[in-house]
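Chains as they are written, first to last, in the working numbering: chain A, 1 to 256; chain B, 1001 to 1277; chain C, 2001 to 2284.
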Amino acid sequence: MQAYIQGRNVNLTFRPPNREPVRALSGFDIDIREGEFLSIVGPSGCGKSTFLNVLLGLIKPDSGELTIHGKPIRGPGTDRAMVFQEFGLLPWRTVQSNVELGLELKGMASAARREISQRLIDMVGLAGFEQHYPHELSGGMKQRVGLARALATDPDVLLMDEPFAALDAQTRDLMQIELLRIWNAARKTVLFVTHQIDEAIYLSDRVMVMTKRPGHAKKIFPIDLPRPRAYEMRVTPAFNELKLEIWQTLKDEITA
Amino acid sequence: MAQVDTIARAPDLESAADATNREGFLARNRNVLLGLFAVGLFFAAWEAIFLVVPFNHLFISKPSLIALGWLDLLVSGDLARDLAVSAVPFAYGFVAAVVVGVTVGILMGWRVRVGYALDPLMIMFYASPLVALAPLVVVFFGVGVTGKAIIIFLLSVFPFVFNAAAGVRAVDRLLINVVRSLGGSEKDLYLKVIVPSVLPYIVAGARIAIGRALIGVLVAEFFAASEGIGYAIARFGDLFALDKMFACIITIMAIAVVLTEGMRWAERAAFPWRIGQ
Amino acid sequence: MTDTPAIRSHLPTAPKQAEAVARIGLWKRVEPAAYGGGSIVLLLALWELMPHLVTISAGTKLFFTTPSQIVRALWTMFSTGSVWNPLGVSALGFGIGLVLAIVIGLPLGVLLGRSRSLNAMFDPFITAFNATPRLVFLPLLLLWFGLGMTSKVLIVFVGALFPILINTYEGVRNADKLLINVVRSFGAKEWDIARLVVVPNSMPYIVAGLRLAIGRAVLGVVVAEFFGSEDGLGVIMVRAASSYQVDVVFAGLIIFAALSLAMTGLVKTVENRLTRWRPQLSSE
């Protein structure tokens, strides 16, 4: 039986001009279940962000199979949306206009767009900031806009590329709680890339550890903590054991 | 993050899948070769079009004739003579512009109050088309070297003023404090911090000023001159010697490009730490 | 041009001297205007009084004028309405040439910015034409199109085209790759990318190019009218110069300068309206 998102033997090599070719992904396999929250941790440069971009449809792999719900991926589509690490908000548009970006590109009429974007802006806790410009917002607020924008087109799959890496530690913790709250309301399939093991365990159903470049899956850890997750779980023995295990697996990839 | 950086600089959809490994001479010098190709194509087309379109030598010329005309001017020494005649006032005016412009500019940047006093004046002068005064200058000073040099000076002095002032104002105060704290004197400050900081700005100003100075030469010579390269263009036009007219125009273009691009190259070579303009 | 003042001593910051600081603060804000305005007034006064202070030879006197005479000339030109016709002709040439430069330069700039190959092919021509004073083509244009509006418009066009073209394609090439990827991920096609990211991102560059273009366009009008026109403000200035009406020459210069400043000011206002989204102010 095919997994919801399935990757078999994905290979990708970057060939920048005047430089050595870079093998980003090598024989990469992955199975993602519908509605699950899967985190990918791995050393820098292992290809995890690259894989997200391949899944998003922005980059074509050199070889290998990649399907969603049985259909091969041929470029960006409304069934997938990404939240970017550096937010990627259009600085010349207001919050509302940014959130409506995907809907605008789908050709939706302005009244219909407004309804959806308003609902989402309220949901991410930015009510009242609709007419603000990105430079007037804090990092956490900008990422909420990014999240709202990604959810606006109602994608089946949410791709998150180290979305909280640019935020300070406290905002980061807050955003994790927020994310779970929002995700609980509408169980999308989420693929979450991060460097932080805590974050991965706290948020996910499963955590995948990748090898260093060229990357492929090294080991997958199921996270059996009950949902809804409470912040207090982060200080339980079960949590810390998982953290240690994952760290041991990851460590070799960083030092080796 | 290094990984995200790679994404941002990742090749587009097409080239990532395009696994060509042509990293040879063709790929590396692609842009230059394309440029040369385009120029060659242009001249070839210019020459060839007259196989189809009737050629009226009183109206236009073609590359082959232009080249011959240019060689003629070169061999007869006319080209060199005209260029020399134009070059003398150019040199005088430009050098004067450098000396006066840089001095005033540095003063304006260094002494804040002088800056306050002169800024509006300079802006007004820079915004006015001083070229408009050219006829007046020529009528007053005549069409000799003096008149031309004055016009050239007027047109090319302001880029130096502004750029020198900007250069001084942009000097990093931190660096000054560093040198002072290490016991440097005023002279050390000038030589080790201020001059290296300001020099790139001045050279950039020179690049802009060259263009304006060339305009000065042409305006003076078009208006009322009896010699020089600008006059030559006008004269050949009157005589309907289109081939020689084009030859002179292209010569000036070449000189302008060499001077301007030369300055750009000098800027990059001498001041590699300057990323912007 | 930055506004950072050169090295100066620190202001007192102790709370007791707050009031003194406030007074100093007011003067510091007014100081630039005071010096600037003051020096202009001083200069004008000196200029006006010069004939009374210094003896000028008869020959030079022909070429001498004073601010009051210039103002009188301006007054005459405007009150008799004699200025409007030539100004209109000049403005028309300026306007058409500039609009043409925008209409061609902007899309071409976007095209060249997006296509590296096209850019490489056009580059030699752009470099050559940009470095060359457009004036050099005037005799040729006069030969082809005679005196009149066409030559004028063409000189203005060629002058204004390159700043717009070059700045546009610089702006396009510097478009934020991240934002392009973001927009593509939401399904944007090439045209959407241009509309959503490239053009707004390039606005500051384009505006800078526009300001340069205006300066060059005014230059173009003046120069075209000196040599290749029967009509226009520049023509009036040339005639005035030949007949020693120096005050009229300066009057014309002032009118051109005012036109240039007005247009640049207009561009700045539009720019400010369009870039409310930008976080900081850079003084340029």
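Idealized CB from N, CA, C, for every residue including glycine. Remember, predicted model here, so these are calculated numbers, not experimental data.
Do residue j and residue i have their beta-carbon atoms positioned less than 8 Å apart in this structure?
i: F1282 (chain B); j: G1147 (chain B); result: This structure cannot settle anything about residue 1282 (chain B), because the visible part of chain B is limited to 1001 through 1277.
i: L2140 (chain C); j: I1249 (chain B); result: yes
i: L1065 (chain B); j: L1073 (chain B); result: no
i: E130 (chain A); j: T94 (chain A); result: yes
i: L1093 (chain B); j: S1156 (chain B); result: The residue you asked about is not Leu; residue 1093 (chain B) is Gly in the sequence shown. Going by C-beta atoms, G1093 (chain B) is nearer than 8 Å to S1156 (chain B).
i: A24 (chain A); j: L12 (chain A); result: yes
i: L1130 (chain B); j: I1210 (chain B); result: no
i: V2183 (chain C); j: V2110 (chain C); result: no
i: L2092 (chain C); j: A2160 (chain C); result: no
i: M2050 (chain C); j: A2251 (chain C); result: no
i: G1115 (chain B); j: F1160 (chain B); result: no
i: E2048 (chain C); j: S2079 (chain C); result: no
i: G1105 (chain B); j: F1162 (chain B); result: yes
i: T2127 (chain C); j: I1252 (chain B); result: no
i: L1218 (chain B); j: G1230 (chain B); result: yes
i: G1947 (chain C); j: L2138 (chain C); result: There is simply no residue 1947 (chain C) to check, as chain C begins at 2001 and stops at 2284 in what is shown.
i: E1143 (chain B); j: A1224 (chain B); result: Note on residue identity: the sequence assigns Val, not Glu, to residue 1143 (chain B). Going by C-beta atoms, V1143 (chain B) is nearer than 8 Å to A1224 (chain B).
Give me the DSSP bridge partner(s) of residue i.
i: K219 (chain A); result: A:V209
i: I5 (chain A); result: A:I32, A:I68
i: V193 (chain A); result: A:I40, A:D161
i: M82 (chain A); result: A:L159
i: S63 (chain A); result: A:N11
What I want to know is whether the C-beta of residue i ends up closer than 7 Å to one or more non-hydrogen atoms of the ligand FMN.
i: V2222 (chain C); result: What this structure holds is no ligand at all, so the ligand FMN is not there to describe.
Taking its Cβ as the centre, do 16 or more other Cβ atoms sit within 10 Å of residue i, making it buried, or is it exposed?
i: H216 (chain A); result: buried
i: D1082 (chain B); result: buried
i: D1172 (chain B); result: exposed
i: D168 (chain A); result: exposed
i: A2101 (chain C); result: buried
i: P16 (chain A); result: exposed
i: Q170 (chain A); result: exposed
i: T255 (chain A); result: exposed
i: V2158 (chain C); result: buried
i: M1124 (chain B); result: exposed
i: W183 (chain A); result: buried
i: S1086 (chain B); result: buried
i: W92 (chain A); result: buried
i: F2256 (chain C); result: buried
i: K1187 (chain B); result: exposed
i: E1023 (chain B); result: Annotation note: pLDDT 49 at E1023 (chain B) (below 50); position unreliable, coordinate value reported separately. E1023 (chain B) is exposed by the Cβ-count criterion.
i: V10 (chain A); result: buried
Helix, strand or coil: how does DSSP classify residue i here?
i: K188 (chain A); result: coil
i: F164 (chain A); result: coil
i: T13 (chain A); result: strand
i: G1205 (chain B); result: helix
i: R1022 (chain B); result: With a pLDDT of 42 at R1022 (chain B), under the threshold of 50, the modelled position of that residue is not reliable, and no figure is offered here.
i: V22 (chain A); result: strand
i: G2215 (chain C); result: helix
i: G27 (chain A); result: strand
i: Q2245 (chain C); result: coil
i: C1248 (chain B); result: helix
i: R234 (chain A); result: helix
i: T2065 (chain C); result: coil
i: W92 (chain A); result: coil
i: E1267 (chain B); result: helix
i: K2189 (chain C); result: coil
i: S2202 (chain C); result: helix
i: H263 (chain A); result: Summary: the structure shown does not reach residue 263 (chain A), with chain A confined to residues 1 through 256, and so no result is reported for it.
i: W1110 (chain B); result: helix
i: E2225 (chain C); result: helix
i: D1078 (chain B); result: helix
i: W2144 (chain C); result: helix
i: L2274 (chain C); result: helix
Problem set entry | Near-chain A residues of the segment 2200-2225 of chain C - C-beta to any C-beta below 9 Å | P2200, N2201, M2203
For this session: Pull out every residue of the segment 2177-2194 of chain C whose Cβ sits closer than 8 Å to any Cβ of chain A, in chain order.
Result: L2178, L2179, N2181, V2182, V2183, R2184, S2185, F2186, G2187, A2188, D2192
Problem set entry | Where the segment 2154-2177 of chain C meets chain A: residues whose CB sits under 7 Å from a CB there | none
Problem set entry | Residues from the segment 2120-2131 of chain C in contact with chain B, defined by Cβ distance under 9 Å | A2120, M2121, F2122, D2123, P2124, F2125, T2127, A2128, F2129, N2130, A2131
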